[in-house]
Each structure stands twice: as structure tokens, then as C-alpha cells.
Amino acid sequence: MTFSPQLEARFEKLLTSYPPGRQRSAMIPMLMYAQDELGCVSDELIDEVARRIGVTPLQVNEVLTYYSMLHRKPLGKYHVQVCTNISCLLYDGDKLYEHACKKLGITHKEVTADGQFSIEEVECMGACSWAPAIQINYDFHHYVTPEKLDQLLDGLRKKQ
Amino acid sequence: MLFNEPHPLETRVLTRRFGKPDTAAIEGYLADDGYQGFLKAAKMTPEQIIEQVKISNLRGRGGAGFPTGMKWSFVPRTSPKPKYIVVNGDESEPGTCKDRVLIENDPHQLIEGVLIAGLAVDAHAGYVYIRGEYRYLIDVMDKAIAEAYAKGWLGKNIQGTGFDFDLYTHTGAGAYECGEESALLESLEGKRGIPRIRPPFPAVAGAFQCPTILNNVETFCAVPYILREGGQAFADLGIPKAGGTKMTCLTGHVNRPGVYELKLGFPVKQMIEEVGGGMRNGKKLKAFIPGGSSCPVLTASELEGANMDYDSMAARKTMLGSGGVIIMDEDTCMVKAALRIMRFYAHESCGWCIPCREGTTWLKKILTRFHEGQGTRTDINLIGDIAKNMLGRTFCPLGDAAAMPTISIVEKFRDEFEDHLNGKPCAYEPAGVVTV
């Protein structure tokens, strides 16, 4: 499998970041950074990471299923993550999530037909003092109102 | 840069540089006495460093509140194995967003704290484990680490002290459980984040089965001040048995939510009224969670005379926890709050221990039923019974974390559960919208 030079450089650094014989430690960061580039964790990627860190593909698979941010299927180009946990809930994060679902016409972990948006109701993302909060891919947005959410999504739609 | 307007009642020790231009850059840090604590420590013996941390009365800021100096003293320094420093930046306790602010605004303070810990136990490598959602902070941290290498504050023979230290970032991938120290170590080793049985504790067999200091971001960030100004100066900021300040995240129904650095022992009432600007829309306070959603809730009357410190909260049968304060006003449905908290723990239970895996799932089901108006009177007791049967019966504290708030909510707000009986819709959501 070939990756971008940036990702290759990152892999190289990861493989030397842990004590000798402990390259398995690089597994989760490698999957995360590769997923950012490829969109999801494919069978091919599992095989490749397994080969590079010296474990079996099964061992990679059993680890990755544990982590909620590692995805086996492609997400939308813009993955909208709405927090509805307690601090956001107190600022109507649940209603914001419902609004986002209606706006995009999809629900939890679904992707729009054009592949542009996906949505996920997520657990606490560490933005509790600036609630309600969402993340679009890795970008945080704080104090999100339904109107602000509409603007954000419309802006992204135009950007395509 | 993410930080709120400072409040005059804050004691800015860890946040002393916040608000200055480009606080994350090494030049500014060095200009503000940065790395001076490390240079002082480099001239001391490991025993002297640990002694200063003991004198400071610094207690772990991740939630458990264990005395940091004591934790460091458990590491067998003379062990032939390499030692490691691991930073817990997996901040995931609902209501908590302080480590994020500390890393974003002053990453070099964290690096300096790690270096001092390295000197204290003769460690030469460290890992900053940051939750996957905080990807931009990994970039901030990687940049700071690169700067520190370039300026000779990491790497070989740091500033001519003869001390070598390498520091790496390590991303998580979405798992609350990995904030628990032994699960974090499993995750760092490329495994599922499942807790380890203890003993041995990480001090003896931590990362890669080697002696390890594992502390929260905020704990490490307090260390440079302790070495620079002396342990006593830090201790004097707080109260007996708990030194220094606590990064406090005010969340929920106050006028000015935000992250504030307050002296330990800060009065709760003053925190809400003055720092937080009082209750939003002049409403009454119904429930108060002092340090993340795993802490038992307190009612307004229980807050009389309460202070933000370990003992004051323990006296009220709750915990200071992570500093994630959650404030709920009179319009909050406590059944809904209990359900949302339980949904979180059911989602995050790693499944290793049956009481936690099954308990959280069953409680989620019962609480959902309740919120939909289908609960029965016997269910009210059943909730408490299941939760109590989870307490202390799991490898890690996630089971307790799910049980404790639930037990307290059912005990203290039983009337609200009764109000939901017999198909009655939730009084706080007349439209009957059940979304959680």
C-alpha cells in the first residue's frame, strides 16, 4: 500500500517512538492518521498496519473494534458530531442533535446519499464550558444554536 | 486561543501566562521564567525533588486526588528497567474541559513538568496520551516538542545538565475508559483499553511493564511552579492537606460558564454567585455535581458551607473529582439527567467486568422506561439495588462512576421518579419529546 509522503514520515516516526520490540504501540495512532487520509479503515489498511508492526491482521481488528473513532466504513466528507452529554444537554444539545438530523435527513452514523455529510451523536468531547458543542471532522464549534448550525452546514455545502 | 475572561477571584498559577500573545511558543515561555523549575531540579537529588512535591501537598488532579509526591516515591528508582513518564490527557469525564485549555495555552509548562518528573525517578522517555477528539492539541503538543528539541530542552544532555529525555505524543481513538490509568497503559501498548488488575501498580509495572509515573495533565502542569517557587509556596495557596489551585470547569446553568483557576477550598456559593455570575435567568439551583458526572450529586441545601476541596466534598459523601462542575437549575428533569449519565456509562463500559457491563445496560433500560412514563414503583428501588450491586465489584472505577451519581439522584430526587409513574409525561418536557 502506498501513502502520502507526510503519512509515511509519520509512520516512520511512530515506529521509532516506542521501545524496541514494542512497535505494536504504534497501531492505534497509525490507524487514526491513515484513516484521516483514506476516509476509513479498510481491510487493506489493516493488513498493511499489521505487517508493519509485526502482528496479525486479526490482532489489529480486535483492537480497532474497541475504539469509537475508528471506522470500517467511509464517513461523509464532513462528519458532524453533536454532543448530547450532560453539560451540553443542559444547553439543549439533544434538540440540536435532532435539528441536525432533520436538516441533513439522516440519523446516527448515517451518511447522506451524496457522501458529503454524516452525523453522529457523540459522548462528551471536552467542550463542556462552551456548550452546546459540535465537532465537524476535528474542528470544534462552541455555543452552537440551530441557526448557527444551519449556517455552518450551508457554508460547507456551498464549498463543495 | 481558547480561554475565557479571567475573573478577579482566580488565583492564576497554572494559567499565569494565559492571554499573552502566542503563549504556546517557547520564546514566550522562556521569557516568563520557563524551564527554571527544571534547571533548579537538575541541581537537586531525586529525593529532594520528591520532597518538594510532597511538601506542596499536590494531589492528583485527574479525579482520584492521590498525593502526587507519594505516588512518585513508589517508583523503584534503582530498578534496572527503564522508567517512563506518561501524561494522561485523555480528558473524557463529562463536565471536564480543563486539560484542553492547559495544553492549548501553555504546552511548555506541561513539558517542563514531565522533565522534572523524569529527573525525580530517573526516567528518560515519556508519552503524552491525548484523546483522539483533541487532534488539534496533538499538533500543538508536537510543535512544542519540536521547539523544545530545537532549543535543547529535550533530547540529549539537556542544557548541559547531562540529563537525556525524549518525549512523544500518542493519540487515543475514542474511549472514555482509556482515561483510567491501567486501561490507558493498555491502549498505549496497542491493545483494547481494558483495565489491568492491581497490584502491581503502574509505579512498579506500568508502561511496557516498567516503572512508570502516570499523572493527569493538570498535575504535571503544577510541578514547574512547585520547583520554581518551592513546595511550601504551592501548599500555602491551598488548605491543609491539599495544596495549590484547581482548574475548575463551570458548566451548566450559570451565567458565565468557563474554566477558572481557583484556590483549593474556594467556597462553592461564591464560585457560583461571583465567578460563575449566578444562576442563569435567576433560576434556583436544583442539583450540583462537583467534579464530573461520576460524582454523587448534591442538592442546594447540602451546599451550605461547602468548599471546593477534597475533604469538604468527602464530608458530603461526594468527590472533588476532576473539577468538572455541573450546575442544574430548577427546570432540569433529574430522571432525564440520570438517564443521560447512565447512557454514557453504558456506552463506555469496556465490557470486561460483568457487574459494570450488565449493570449499566440494565439501568439504562430502566431509566429509559421511566423517562417514557412506563416506570413502576418497584423500579425506583430496583435502580438503587442494581447500582449498589455494582459498587466495588469491578476492576476499575467505571462501574462505581456509573453507580454513584445514580444512587444519589434516586435517593435525593425520589419524588421526581414518582412524578413519572403511571404514564405521566415528563413535567419538564410537556411535549413528551424523549430524545435521550
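Here the protein sequences line up with chains A and B, keeping their order.
The first sequence begins at 1 in my numbering and counts up by one.
The second sequence begins at 1001 in my numbering and counts up by one.
Just so you know, even glycine gets a beta-carbon here, dropped at the ideal spot from N, CA and C.
Residue i and residue j closer than 8 Å at C-beta
i	j	result
residue 107/A	residue 76/A	no
residue 156/A	residue 78/A	yes
residue 1088/B	residue 1118/B	no
residue 1018/B	residue 1038/B	no
residue 1366/B	residue 1410/B	no
residue 1095/B	residue 1383/B	no
residue 1220/B	residue 1075/B	no
residue 971/B	residue 1260/B	There is no way to answer for residue 971/B, as the model of chain B reaches only from 1001 to 1436.
residue 1108/B	residue 1146/B	no
residue 1190/B	residue 63/A	yes
residue 1054/B	residue 1069/B	yes
residue 1192/B	residue 1182/B	no
residue 1264/B	residue 1290/B	no
residue 1134/B	residue 1188/B	no
residue 1335/B	residue 1253/B	no
residue 1330/B	residue 1286/B	yes
residue 1342/B	residue 1402/B	yes
residue 1234/B	residue 1058/B	yes
residue 118/A	residue 80/A	yes
residue 1396/B	residue 1180/B	yes
residue 1230/B	residue 1052/B	yes
residue 41/A	residue 15/A	no
When the options are compared against residue i, the one with the closest alpha-carbon
i	options	result
residue 1298/B	1077/B, 1126/B and 1404/B	1404/B
residue 1168/B	18/A, 61/A, 80/A and 133/A	18/A
residue 26/A	1171/B, 1046/B, 1087/B and 1083/B	1171/B
residue 49/A	66/A, 135/A, 89/A and 7/A	7/A
residue 1269/B	1238/B, 1303/B, 1044/B and 1259/B	1303/B
residue 142/A	152/A, 149/A, 148/A and 130/A	130/A
residue 104/A	154/A, 35/A and 21/A	154/A
residue 1078/B	1137/B, 1254/B and 1203/B	1203/B
residue 1132/B	40/A, 16/A, 67/A and 53/A	67/A
residue 1157/B	1042/B, 1386/B and 1316/B	1042/B
residue 1306/B	1266/B, 1217/B, 1416/B and 1102/B	1266/B
residue 1141/B	1080/B, 1106/B, 1051/B and 1357/B	1106/B
residue 60/A	84/A, 89/A, 29/A and 36/A	29/A
residue 1102/B	1378/B, 1137/B, 1415/B and 1214/B	1137/B
residue 90/A	1318/B, 1333/B and 1301/B	1333/B
residue 1033/B	1048/B, 1013/B and 1050/B	1013/B
residue 1121/B	1273/B, 1046/B, 1110/B and 1177/B	1046/B
Contact set between residue i and chain B, taken where Cβ atoms lie within less than 8 Å
i	result
residue 26/A	1190
residue 135/A	1133
residue 89/A	1336, 1337, 1340 and 1436
residue 123/A	1092, 1094, 1176, 1344, 1347 and 1348
residue 129/A	1004, 1097, 1249, 1250, 1251, 1257, 1258 and 1259
Opposing strand residues paired with residue i [DSSP bridges]
i	result
residue 1166/B	1125/B
residue 1325/B	1250/B
residue 135/A	81/A and 140/A
residue 1298/B	1288/B
residue 111/A	118/A
residue 5/A	None; residue 5/A has no bridge partner.
residue 1059/B	1067/B
residue 1258/B	1250/B
residue 1171/B	1130/B
Interface partners of residue i on chain B, CB under 9 Å
i	result
residue 206/A	The requested residue 206/A does not occur in the structure, where chain A is confined to residues 1 to 160.
residue 144/A	Neighbours of residue 144/A on chain B: none; closest Cβ ~14 Å, over 9 Å.
residue 1/A	Within chain B, no residue comes near residue 1/A; the closest Cβ sits about 19 Å away, beyond 9 Å.
Neighbour list for residue i in chain A, Cβ cutoff strictly below 7 Å
i	result
residue 1337/B	86
residue 1324/B	128
residue 1182/B	The premise fails here: residue 1182/B is roughly 15 Å from chain A at the closest Cβ pair, so nothing lies under 7 Å.
residue 1208/B	19 and 22
residue 1073/B	In chain order: nothing, as chain A lies at least about 24 Å away.
residue 1170/B	29
residue 1100/B	126
residue 1136/B	138
Beta-carbon neighbours of residue i, restricted to chain A and to distances below 8 Å
i	result
residue 1187/B	28
residue 1328/B	90
residue 1332/B	90
Proximal chain B residues relative to residue i, where beta-carbon distance stays under 7 Å
i	result
residue 68/A	1174 and 1175
residue 63/A	1190, 1191 and 1192
Per-residue contacts from residue i into chain A (C-beta, under 9 Å)
i	result
residue 1294/B	Here the premise fails: no neighbours, minimum Cβ distance about 11 Å.
### Task
Go through the segment 1260 to 1289 of chain B residue by residue and report every complete run of the alpha helix (DSSP H) that reaches 4 residues or more, in order.
If only uninterrupted alpha helix (DSSP H) runs of at least 4 residues are considered, none is enclosed by the segment 1260 to 1289 of chain B.
### Query
Going along the chain, which unbroken runs of the alpha helix (DSSP H) with 4 or more residues stay wholly within the segment 1200 to 1253 of chain B?
Taken in chain order, the complete alpha helix (DSSP H) segments of 4 or more residues contained in the segment 1200 to 1253 of chain B are 1217 to 1229 and 1231 to 1237.
### Query
Going along the chain, which unbroken runs of the alpha helix (DSSP H) with 4 or more residues stay wholly within the segment 1084 to 1167 of chain B?
The alpha helix (DSSP H) runs lying completely inside the segment 1084 to 1167 of chain B and spanning 4 residues or more are 1098 to 1105, 1107 to 1121 and 1135 to 1150, given in chain order.
### Message
Going residue by residue through the segment 1304 to 1350 of chain B, where are the continuous alpha helix (DSSP H) segments of at least 4 residues, counting only ones entirely within it?
### Response
Whole alpha helix (DSSP H) segments, 4+ residues: 1310 to 1315 and 1334 to 1348.
### Task
Please list the segments of the beta strand (DSSP E) lying wholly inside the segment 31 to 94 of chain A, counting only runs of 3 or more residues, in order along the chain.
If we require 3 residues or more, the beta strand (DSSP E) runs fully inside the segment 31 to 94 of chain A come out as 78 to 83.
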